[in-house]
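Remarks on the structure that follows.
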Amino acid sequence: MQVRLHWLHRCTALVPVFVFYWWFSRFAAPKVMFNINKLLTKISDAKSQSPTKPPSPSETSEANEASAEGFLCPSCLRAFPSADALQDHYETSHGSGLEVVCPTCRMRLGSEVELESHCARHHTPAAPDTEPAAVEQLQHELAALHASLREERSCSEELRTEVSRLHGAILNKGDTVEAEMLRSQVRALEEGKALLTSELVLARQQLGSDLQQARMEATQLRAQLEQMLQAQPEVLEKLSQSVQTVTEIPVATQQKVHRQDAQVQAAMAEPPPMCLVPTDTSKEENTRAAALATLTAEKQTLQLKLEEADRRLAEARIRTDKREAQHREALERSEAERRRLLDEVEAVRTQRASLTTSLEVAKQGLDAATSRAEELEAALALERQRSGSEIQARQTEVDDLRSQLSALEAALRDSAQTSQTQLAEYRTQAESHAEQAARLVAQLKACESELALCREQLATSQREAQASREELVAGRAEKVELAQAVQALHQAKGRLADQLSALELEVGNLRNSQVALEADRAALELEAEQLRKSHAAHEAGRSALEMQLAEVQQKCDRQASDHQQALQGLQADLTRALNRAAHACSELEAEQQRCARQEAALEALREQLASEQANRQAAQTQLDAAQGDKL
1088 MQVRLHWLHR CTALVPVFVF YWWFSRFAAP KVMFNINKLL TKISDAKSQS PTKPPSPSET
1148 SEANEASAEG FLCPSCLRAF PSADALQDHY ETSHGSGLEV VCPTCRMRLG SEVELESHCA
1208 RHHTPAAPDT EPAAVEQLQH ELAALHASLR EERSCSEELR TEVSRLHGAI LNKGDTVEAE
1268 MLRSQVRALE EGKALLTSEL VLARQQLGSD LQQARMEATQ LRAQLEQMLQ AQPEVLEKLS
1328 QSVQTVTEIP VATQQKVHRQ DAQVQAAMAE PPPMCLVPTD TSKEENTRAA ALATLTAEKQ
1388 TLQLKLEEAD RRLAEARIRT DKREAQHREA LERSEAERRR LLDEVEAVRT QRASLTTSLE
1448 VAKQGLDAAT SRAEELEAAL ALERQRSGSE IQARQTEVDD LRSQLSALEA ALRDSAQTSQ
1508 TQLAEYRTQA ESHAEQAARL VAQLKACESE LALCREQLAT SQREAQASRE ELVAGRAEKV
1568 ELAQAVQALH QAKGRLADQL SALELEVGNL RNSQVALEAD RAALELEAEQ LRKSHAAHEA
1628 GRSALEMQLA EVQQKCDRQA SDHQQALQGL QADLTRALNR AAHACSELEA EQQRCARQEA
1688 ALEALREQLA SEQANRQAAQ TQLDAAQGDK L
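Anchor point for the sequence shown: position 284 equals 1371 in our numbering, and the numbering is continuous, going up by one each time.
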């Protein structure tokens, strides 16, 4: 029992390690490798493909679902926030009624058309619109990867606590099972003991009743004998002697008594001899003969009662002999069963010794496997720490480079935006100036046309004035009107000359502003060319950073593949060691159970044999006491 508990404790102590390795190989490692491979594929796609279109809302929802923390789907390794959502997803996507399987995410679909639309919707690589968007997407992926790693650490901690709790529950359950088994055995022994005590009480009551009846009969016979022998002391002496001889040698004395009785009866049947004795003596002899006859009659009755008692005693002896024979047979059977059980126990012990040796060998192999596993685990932990530190260092470098790149891009973007805004302002100003110049040119043309008209009017007015001068002589009345008209024409001519000079000044100003705008435009074009050159330099630096990032990712991929291969080998070794240990433990438990059953049967037979021997001794003592009381 102690060996079994020890091995049970050892097996339950190894359970958390095996459960942790199983959980890591089943859920954590595939998910980490899946996220890393997904990140690397997205980085390579971002580098290789040109920007075509922004990510769709369905893809963003898929990424959000993939980065969510919670319950993992065992088929496609997608995370869900609750168990109900995971169950609905598994029933709808991975049910047994769906026949078409997606080769990427292992989702089951109803038809080929649904598979094509699913692949086009969810698995078509769509590059981001710009390079900063790709960088942001990569940062989001890295954040999701860190979140999933934190989730796996928390899950591993919860799993360790659950395994420790289960370990304690298994130990407590083992103790309760052993205690319950012992209680059941104690109850069975108590029931057997109660049954045997009841049978013993019944046998004692029966023997006590028989013994009491025999004692009553013996007391009655003794009282009758005492009453009869008090009158005849000689007969009392003879009867006591006869009883003593009967008790010492029953058969010979009984034959002798029979012969004496026959002689007495023959003597009593013969006629008395004639003798010369007085009448008084004959009367005494008659009375003695009568007393002797009564005594012989009483003796015969006592003899009959004694024969009846002997018959009862013989029957009791026969019954006791039968019981002894039965007990002897049962004892022989129990002895044979005991010898058989001892042989089986010896065989079981030899088999148990062989099993213990094989178990020791298996234990040594398991210890070697566990030591190897611990060494591999330590090496894997060191390698993981080293790779984690390297990845973290590379990640910090990449983050620094990305921050520098984002700062440079932000500065370039700001400068380009400011230059574009300035250029747009200059263009709007040039366009407004051009529009003003066009308006002024149009006004100038209108003014020139008006001037031409005015000149024509002036020429006509001069002609009219000449005609009027010619007609001045004819009509002095019209002289004042002509003078006033000439004065008005002179005033209009002055106004037109003033307007023409103002228009010429505006045209000169516009030409000067146009020359300044051309100079500003040339300066802006030079600045834009410088910005293009700096942008090309930043693009070259960014391509160099992407190449460094690709090298770091390739190195991480190689390390991850090496770690995965080492982990698979370790898992294979652990599974083989677990199978051997489980097989050896099952054989040992079966053998221990069989030994326990045989030991319990042997113990029950021993107790039954002891109880039968005790009953036999008690019956023998009671029989001896009864025989002593009867005698």
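All residues carry an ideal CB built from backbone N, CA and C; glycine is no exception.
If you draw a 10 Å sphere on the C-beta of alanine 1606, you find fewer than 16 other C-beta atoms in it, and that means exposed. As a beta-bridge residue in DSSP terms, valine 1187 pairs with Leu1196.
Excluding its 5 nearest sequence neighbours in each direction, histidine 1622 has C-beta neighbours in its own chain below 7 Å: Leu1499, listed in chain order. When secondary structure is reduced to three states using DSSP, leucine 1159 falls in the strand class. Remark: C-beta atoms of leucine 1229 and glutamine 1640 do not approach each other more closely than 9 Å. Here the C-alpha atom of arginine 1514 lies approximately 10 Å from the C-alpha atom of alanine 1521. With contacts defined as CB atoms closer than 9 Å, histidine 1625 and leucine 1510 fail to qualify as a contacting pair. With a 10 Å radius around the Cβ and a threshold of 16 neighbouring Cβ atoms, serine 1490 comes out exposed. Here the C-alpha atom of cysteine 1672 lies approximately 20 Å from the C-alpha atom of glutamine 1658.
With a cutoff of 9 Å on beta-carbon distance, leucine 1538 and leucine 1576 are scored as not near each other.
Looking only at Ala1615, Val1528, Lys1620, the smallest Cα-Cα distance to arginine 1598 is reached by Val1528.
The C-alpha of glutamine 1387 lies about 22 Å from the C-alpha of glutamate 1402. Three or more beta-carbon pairs separated by less than 8 Å link the stretch 1294-1314 to the stretch 1393-1408, which places the two stretches in contact. Nearest in C-alpha terms to leucine 1294, of all of Glu1249, Gln1516, Gln1709, is Gln1709. Within the same chain, and ignoring the five residues on either side of leucine 1545 in sequence, the residues whose Cβ sits closer than 7 Å to its Cβ are Leu1576, Lys1580. According to DSSP, alanine 1166 shares a beta bridge with Leu1159. By a beta-carbon distance limit of 8 Å, alanine 1713 contacts aspartate 1297. Their separation comes to about 7 Å.
With a 10 Å radius around the Cβ and a threshold of 16 neighbouring Cβ atoms, valine 1288 comes out exposed. Looking at Ser1169, Cys1163, Gly1255, Val1200, the one whose alpha-carbon comes closest to that of methionine 1194 is Cys1163.
Sequence-distant partners of leucine 1173 (beyond 5 residues in either direction) whose C-beta falls short of 7 Å from its own C-beta, in its chain, are Phe1158, Cys1160, Phe1167. For histidine 1209, the secondary structure class from DSSP, reduced to helix, strand or coil, is helix.
Annotated as proximal: valine 1594 and leucine 1531, with beta-carbon spacing under 9 Å. Going by beta carbons, glutamate 1470 and histidine 1650 fall inside the 9 Å limit. Under the criterion of beta carbons closer than 8 Å, serine 1502 and leucine 1618 qualify as touching, at roughly 6 Å. Between the alpha carbons of lysine 1620 and glycine 1628 lies a gap of roughly 13 Å. A Cβ-Cβ distance of about 30 Å is found for the pair alanine 1669 and leucine 1428, leaving them out of contact under the 8 Å criterion.
Around glutamine 1479, the same chain offers no residue with a beta carbon nearer than 8 Å, after the five sequence neighbours per side are excluded. If you compare the alpha carbons of Glu1535, Leu1654, Glu1238, Ser1630 with that of serine 1588, the shortest gap goes to Glu1535. Residue nearest to glutamate 1461 within the set Leu1661, Ala1631, Gln1523 is Leu1661 (criterion: CA-CA distance).
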